[in-house]
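Asker: Chains as they are written, first to last, in our numbering: chain A, 176 to 289; chain B, 135 to 248. All residues carry an ideal CB built from backbone N, CA and C; glycine is no exception. Since we're looking at a predicted model, the values are computed, not measured.
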Amino acid sequence: KNQVEQSPQSLIILEGKNCTLQCNYTVSPFSNLRWYKQDTGRGPVSLTIMTFSENTKSNGRYTATLDADTKQSSLHITASQLSDSASYICVVRGTTSGTYKYIFGTGTRLKVLA
Amino acid sequence: EAGVVQSPRYKIIEKKQPVAFWCNPISGHNTLYWYRQNLGQGPELLIRYENEEAVDDSQLPKDRFSAERLKGVDSTLKIQPAELGDSAVYLCASSLVGGADTQYFGPGTRLTVL
């Protein structure tokens, strides 16, 4: 069964600290993996997209890694800010019966405290 | 450029009543998605349109849910009759083409069924 699991479920850190969020997936065949940021009461916004051949991709203070062999991805946030408080959702695109599907994780809820 | 527009933002109804949500995607985006997001969960795809054609509605509860995308632009999602378990946020997203292209999400409609 195609699944995307994220950990931790929630995380609280102090402003200025770094943190790493994890995403494990069993989606096959794999097409790409995205990390989204979802602020409370808003729709998700794409942070990064990674394909099979990409190991690392950065977007400002966000750095995503992908290990396609172990089917794991991580999102590292450097020097966290209060505005980083949000849910971070990992989404994997797979292909089934000639069409594609997006499998969403349940997200990690990050709270950054002053 | 305007983003994905959804209305209403909030809706409270009693069970067994009908309800409809409207979505206007980003201009020029061929692909439109409707998702349902329960509290603390990731979005689940209900239906995906390529222009005016519904290409993936496998997760749409067809006994009570219906959707249309006339002229391949804006779209309406309807629930009739609503049940208590339908309380959720309904997100609309659009992208230029399906697959690798970025999905842009609207703010969602928060539905409460009493």
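Do residue 212 of chain B and residue 221 of chain B count as a contact pair if the criterion is CB distance below 8 Å?
Answerer: Numbered from 1 along the second sequence, position 87 holds the residue referred to as residue 221 of chain B. Numbered from 1 along the second sequence, position 78 holds the residue referred to as residue 212 of chain B. No. Outside cutoff.
Asker: In or out: residue 257 of chain A buried (at least 16 other Cβ within 10 Å) or exposed?
Answerer: What you label residue 257 of chain A is simply residue 82 of the first sequence in a count that begins at 1. Residue 257 of chain A should be labelled exposed.
Asker: What three-state label does DSSP hand residue 257 of chain A in the structure shown?
Answerer: As a working note, residue 257 of chain A is residue 82 in the first sequence. Residue 257 of chain A falls in the helix class under three-state DSSP.
Asker: For residue 294 of chain A, return the contacting residues in chain B, with the cut-off set at a CB-CB distance below 9 Å.
Answerer: The question about residue 294 of chain A has no answer, for chain A in this structure spans 176 to 289.
Asker: Quick one: is residue 201 of chain A near chain B, going by C-beta distance under 8 Å?
Answerer: Residue mapping note: residue 201 of chain A aligns to position 26 of the first sequence, counting from 1. With a threshold of 8 Å between beta carbons, residue 201 of chain A makes no contact with chain B.
Asker: Do residue 282 of chain A and residue 225 of chain B have their C-beta atoms within less than 8 Å of each other?
Answerer: Here residue 282 of chain A corresponds to residue number 107 of the first sequence, with the count starting at 1. Here residue 225 of chain B corresponds to residue number 91 of the second sequence, with the count starting at 1. Result no, Cβ atoms of residue 282 of chain A and residue 225 of chain B do not sit closer than 8 Å.
Asker: With respect to the beta strand (DSSP E) encompassing residue 209 of chain A, which residues constitute its N-terminal and C-terminal limits?
Answerer: Along the first sequence, read from residue 1 onward, the residue named residue 209 of chain A stands at position 34. Segment 205 to 213, the beta strand (DSSP E) holding residue 209 of chain A.
Asker: Less than 8 Å between CB atoms is the rule here; does residue 236 of chain A satisfy it with respect to chain B?
Answerer: Position 61 of the first sequence, counting from 1, holds the residue named residue 236 of chain A. Output row for residue 236 of chain A: interface = no.
Asker: What residues in its chain sit with their C-beta under 7 Å from that of residue 206 of chain A, if we drop five residues either side in the sequence?
Answerer: Working through the first sequence from its first residue, we reach residue 206 of chain A at position 31. Hits under 7 Å: 268, 269, 270, 275.
Asker: Any idea what DSSP makes of residue 235 of chain B, helix, strand or coil?
Answerer: Residue numbering aside, residue 235 of chain B sits at position 101 when the second sequence is read from its first letter. Residue state, collapsed to three classes: coil.
Asker: Report the residues of the region 216 to 246 of chain A with a CB closer than 9 Å to any CB of chain B, ordered along the chain.
Answerer: 216, 217, 218, 219, 220, 221, 224, 226
Asker: Anything in the region 175 to 205 of chain B with a Cβ closer than 8 Å to a Cβ of chain A? List those residues in chain order, please.
Answerer: 175, 176, 177, 178, 179, 189, 190
Asker: Considering only DSSP beta bridges, list what residue 251 of chain A is partnered with.
Answerer: By 1-based counting over the first sequence, the position of residue 251 of chain A is 76. Looking at the DSSP assignment, residue 251 of chain A forms a beta bridge with A:195, A:238.
Asker: Put residue 194 of chain B into one of helix, strand or coil per three-state DSSP.
Answerer: If you number the second sequence from 1, residue 194 of chain B lands on position 60. In this structure, residue 194 of chain B counts as coil in the three-state DSSP scheme.
Asker: Let me make sure I understand the geometry here. Which of A:204, A:189, A:187, A:237 has the alpha-carbon closest to that of residue 227 of chain A?
Answerer: Sequence index remark: in the first sequence, residue 227 of chain A carries index 52 (1-based). Nearest C-alpha to residue 227 of chain A: A:204.
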